[in-house]
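Chains Z and V are the protein sequences, given in the same order. Its first residue numbered 1, the first sequence is counted upward by one per residue in the numbering used here. Its first residue numbered 319, the second sequence is counted upward by one per residue in the numbering used here. Read through the structure below, which is laid out as structure tokens, and then see the notes.
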Amino acid sequence: MSAVADIVRVDDLVKDVRPGFGLRKKRLLDGISFRVREREIFGFVGPNGAGKTTTLKILMGLIRATSGKASILGHDVSEVSFRRQIGFLPEQPYFYDYLTGREILRFYAKLSGVSQQRRARRVTELLELVGLSAAGNTHLRSYSKGMLQRIGVAQALVHDPQVVFLDEPMSGLDPVGRKEVRDIILRLRDEGKTVFMNTHILSDVEMVCDRVAIIVNGRIRYEGAIDEFLEAGEPEADLVFANLPAEAAVRLEECFGARLRGHGDRIELRIAEKDSSAALRLALDAGADVVSATPHRVSLESIFLSAVNKADAEERSR
Amino acid sequence: MIGRIWAMAVNTAREAIRNKLLYTLLFFAIAMMAFGAVLSTLSYVERERMVQDFAFASIRLFSVAIAVFVGVGLIHKEVERRTVYTILSKPLSRAEFLIGKFTGLILIIWLQVAIMASCFAGVSLLMDAPLGFAHFAALALNAVELAIVVALATLFSAFTTPLLASFFSCGIWLAGHLTRDLRDHGANSSSEFVREATIWMHRILPDLESFNLSIEAAHQLPVAASDIWFPALYGAGYVAVILALAVMIFERRDFR
Numbered sequence: 001m002s003a004v005a006d007i008v009r010v011d012d013l014v015k016d017v018r019p020g021f022g023l024r025k026k027r028l029l030d031g032i033s034f035r036v037r038e039r040e041i042f043g044f045v046g047p048n049g050a051g052k053t054t055t056l057k058i059l060m061g062l063i064r065a066t067s068g069k070a071s072i073l074g075h076d077v078s079e080v081s082f083r084r085q086i087g088f089l090p091e092q093p094y095f096y097d098y099l100t101g102r103e104i105l106r107f108y109a110k111l112s113g114v115s116q117q118r119r120a121r122r123v124t125e126l127l128e129l130v131g132l133s134a135a136g137n138t139h140l141r142s143y144s145k146g147m148l149q150r151i152g153v154a155q156a157l158v159h160d161p162q163v164v165f166l167d168e169p170m171s172g173l174d175p176v177g178r179k180e181v182r183d184i185i186l187r188l189r190d191e192g193k194t195v196f197m198n199t200h201i202l203s204d205v206e207m208v209c210d211r212v213a214i215i216v217n218g219r220i221r222y223e224g225a226i227d228e229f230l231e232a233g234e235p236e237a238d239l240v241f242a243n244l245p246a247e248a249a250v251r252l253e254e255c256f257g258a259r260l261r262g263h264g265d266r267i268e269l270r271i272a273e274k275d276s277s278a279a280l281r282l283a284l285d286a287g288a289d290v291v292s293a294t295p296h297r298v299s300l301e302s303i304f305l306s307a308v309n310k311a312d313a314e315e316r317s318r
Numbered sequence: 319m320i321g322r323i324w325a326m327a328v329n330t331a332r333e334a335i336r337n338k339l340l341y342t343l344l345f346f347a348i349a350m351m352a353f354g355a356v357l358s359t360l361s362y363v364e365r366e367r368m369v370q371d372f373a374f375a376s377i378r379l380f381s382v383a384i385a386v387f388v389g390v391g392l393i394h395k396e397v398e399r400r401t402v403y404t405i406l407s408k409p410l411s412r413a414e415f416l417i418g419k420f421t422g423l424i425l426i427i428w429l430q431v432a433i434m435a436s437c438f439a440g441v442s443l444l445m446d447a448p449l450g451f452a453h454f455a456a457l458a459l460n461a462v463e464l465a466i467v468v469a470l471a472t473l474f475s476a477f478t479t480p481l482l483a484s485f486f487s488c489g490i491w492l493a494g495h496l497t498r499d500l501r502d503h504g505a506n507s508s509s510e511f512v513r514e515a516t517i518w519m520h521r522i523l524p525d526l527e528s529f530n531l532s533i534e535a536a537h538q539l540p541v542a543a544s545d546i547w548f549p550a551l552y553g554a555g556y557v558a559v560i561l562a563l564a565v566m567i568f569e570r571r572d573f574r
């Protein structure tokens with residue numbers, strides 16, 4: 001992998017804290033490493049308290065790592081000037097509520113060094129992009145949570161950054177708002193930008209991310225392309241029958257190792273995809289009716305849960 | 319860099335003028351001036367001086383109160399409300415952020431002093447009290463003293479809570495007005511330790527009495543240019559050192 005293609009590089013990052021006045025330290029990040037490549041949407045996934053926000057804050061220079069290295073676009077995260085090329089939306093963002101949507105974007109544009117000639121046009125473009133054109137001259141104190149989240153997305157993009165970091169970007173949004181933010185994220189990738197997204201909403205990750213890293217208890221458990229995850233393991237199929245005789249059900253279990261579940265007069269079974277034709281034939285010969293036959297897709301959720309369970313088991317065995 | 323600092327300063331000033339405490343203290347300052355004017359009518363002698371002393375004292379006291387109580391929340395509020403996250407993710411250094419906040423607040427405080435000074439001039443004219451260069455010089459040096467107080471409030475606000483920051487700032491302001499006397503008393507002490515300690519206290523803590531021209535103003539005494547420039551330069555240097563210290567502390571801070 002070439003260094004140019006790695007937009008974000010994180011190597012052996014460790015973060016220890018000493019909560020309160022305690023002498024005992026707590027390890028929030030335990031030597032994490034990962035890469036984010038150019039023009040991809042990278043999902044950083046983990047349960048609450050896994051270390052997602054801590055990692056993002058280190059990348060944004062808001063907190064310092066105890067050890068390890070982190071760089072964005074080849075610059076150490078402690079540098080300041082390269083931040084012209086990055087945008088950041090924190091989790092549950094708060095803004096100066098005495099300013100209007102237009103004023104806050106103008107303020108962030110000034111801080112980001114957007115020229116005066118471009119500023120007004122850029123602010124109008126962004127308000128339109130996030131669907132707040134009508135609320136541009138309203139004070140932020142009157143904004144709903146969803147509107148604040150949208151203005152947060154707009155401020156992250158105000159200086160047209162090359163890399164965008166989003167911490168729980170869909171949080172607080174209704175289904176329509178979530179769809180709009182998803183569309184914005186996909187549009188950013190189409191424009192050639194790289195997006196790093198912290199989230200625990202797995203359906204969003206499946207829908208928009210190209211690659212994903214799963215972090216649990218401060219350690220990266222998986223990293224790779226979404227498709228690789230979902231295609232891993234033997235493909236399976238879900239078959240649903242009605243009027244399946246008991247003997248046929250037993251044979252399906254014995255011959256194909258099928259896992260059966262009953263729902264009223266219907267029997268649902270999951271088997272290896274290669275055995276599905278033979279299983280269908282057996283059931284039809286036995287006089288059963290086929291209700292449905294669908295390929296079973298391994299969900300990110302199952303991988304995520306298995307990572308969490310594995311981490312919990314490791315913790316217990318320590 | 320200047321553009322980013324100015325953007326922060328303008329925003330800080332906009333935020334500060336929304337602080338109700340600012341208006342409350344300004345109201346009391348003006349009310350005290352008016353009270354002084356009423357009180358002076360009960361006196362047979364030196365009415366004008368009484369009015370001006372009252373007005374001058376209220377400007378000094380209330381402007382310091384504004385500087386401390388508005389200044390201590392300066393950084394703390396940004397961290398508490400997490401507005402600092404989006405701001406520091408922009409190409410703005412922590413030093414620029416801090417200097418911008420300081421600049422915004424000091425501009426607002428100087429504006430308050432200008433309003434109070436206008437009231438002072440108005441009351442003086444109304445009571446036929448003399449107004450001269452000494453009054454202007456005293457107010458200008460008071461403005462420099464306020465810059466030191468705001469810098470101290472910024473420093474403490476960078477690492478502690480508003481309550482503690484206001485204790486520390488008020489404490490140093492009080493001590494700053496006493497260090498000169500302490501040093502002079504210490505010089506007469508038989509103990510070497512006391513002599514050295516009072517000298518070092520005077521060197522380290524701000525010598526705020528050097529900004530006090532109230533006697534010159536009250537008696538219309540002549541004020542030499544050096545009486546203004548030396549304290550002004552000393553004040554600017556002191557502010558620079560305090561802000562540098564604040565930046566050093568703020569640079570090391572984690573925003574968890």
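All C-beta atoms in this analysis are idealised placements derived from N, C-alpha and C, irrespective of residue type, glycine included. Predicted model, so just to flag it, every value in this text is computed and none were measured.
In the three-state DSSP reduction, Z:MET60 falls in the coil class, being neither helix nor strand. For Z:ASP227, the number of other beta carbons within 10 angstroms of its own is below 16, and it is reported as exposed. No residue range can be given for V:PHE477, since it is assigned to no alpha helix (DSSP H) and is classified by DSSP as neither H nor E. V:GLY321: member of the alpha helix (DSSP H) spanning 320-334, first to last residue. Pairing Z:LEU28 with Z:THR54 gives a Cβ-Cβ distance under 8 angstroms. When DSSP assignments are scanned along the stretch 69-98 of chain Z, no uninterrupted stretch of alpha helix (DSSP H) that is 4 or more residues long falls wholly within it. Look at the stretch 403-420 of chain V: the residues with a C-beta under 7 angstroms from a C-beta of chain Z are TYR403, THR404, ILE405, LEU406, SER407, LYS408, PRO409, LEU410, SER411.
At a Cβ-Cβ threshold of 8 angstroms, Z:PRO47 and Z:HIS200 count as neighbours. Taking a Cβ-Cβ cut-off of 8 angstroms, V:GLY422 has no neighbours in chain Z, whose nearest Cβ is about 12 angstroms from it. Exposed is the label assigned to Z:ASP265, since fewer than 16 other Cβ atoms lie within 10 Å of its Cβ. In chain order, LEU406, SER407 make up the part of chain V whose C-beta sits under 8 angstroms from the C-beta of Z:GLY61. Cβ contact annotation for V:HIS520 (same chain, cutoff 6 angstroms, sequence separation greater than five): THR497, ARG501, in chain order. For the pair Z:ILE104 and Z:VAL130, the CB atoms are not nearer than the 8 angstroms cut-off. Within chain V, no residue has its beta carbon less than 8 angstroms from that of Z:SER306; the closest one is some 30 angstroms off. Here the alpha carbons of V:VAL356 and V:GLY450 stand approximately 23 angstroms from one another. Here Z:TYR108 is buried: its Cβ has 16 or more other Cβ atoms, across all protein chains shown, within 10 Å.
An exposed status is given to Z:ASP76, since fewer than 16 other beta-carbon atoms sit within 10 Å of its beta-carbon.
With respect to the C-alpha of V:ILE320, the residue from V:SER487, V:ILE417, V:LEU360, V:PHE346 having the closest C-alpha is V:ILE417. For the stretch 23-39 of chain Z, no residue has a beta-carbon sitting nearer than 7 angstroms to a beta-carbon of chain V. Residue environment analysis places Z:ARG141 among the exposed positions, since fewer than 16 neighbouring C-beta atoms fall within 10 angstroms of its C-beta.
In the displayed model, Z:LYS25 falls within coil according to three-state DSSP, outside both helix and strand.
With a 10 Å radius around the Cβ and a threshold of 16 neighbouring Cβ atoms, Z:ASN198 comes out buried. The C-beta distance from V:LEU339 to V:VAL388 rounds to 6 angstroms, short enough to meet the 8 angstroms contact threshold.
Inter-residue distance for V:GLU527 and V:TRP428 is about 19 angstroms (C-alpha atoms, whole angstroms). Within the same chain, Cβ atoms closer than 6 angstroms to the Cβ of Z:PRO93 are found at GLY152, the five residues on either side in sequence being excluded. Exposure of Z:GLU301 is indicated by the presence of fewer than 16 other C-beta atoms within 10 angstroms of its C-beta.
Straight across, the Cα-Cα distance linking Z:VAL114 with Z:ALA156 is about 13 angstroms. The distance from the Cβ of Z:VAL164 to that of Z:VAL195 is about 5 angstroms, consistent with a contact at the 8 angstroms cut-off.
For Z:THR194, DSSP records a beta bridge to Z:VAL163.
Close partners of V:ALA325 in chain Z (Cβ separation under 8 angstroms): PHE107, LYS110, LEU111. V:VAL363: not part of any beta strand (DSSP E); DSSP gives it neither H nor E. Under a 10 Å Cβ-count criterion, V:ARG322 is classified as buried, with 16 or more other Cβ atoms of the shown protein chains found around its own Cβ.
Here Z:ASP12 is near Z:SER33, since their CB atoms are less than 8 angstroms apart. Assigned with DSSP and collapsed to three states, V:TYR341 falls in helix. Not a single CB atom of chain Z sits nearer than 8 angstroms to the CB of V:THR478. With contacts defined by Cβ atoms closer than 8 angstroms, Z:LEU244 and Z:ALA279 do not form a contacting pair.
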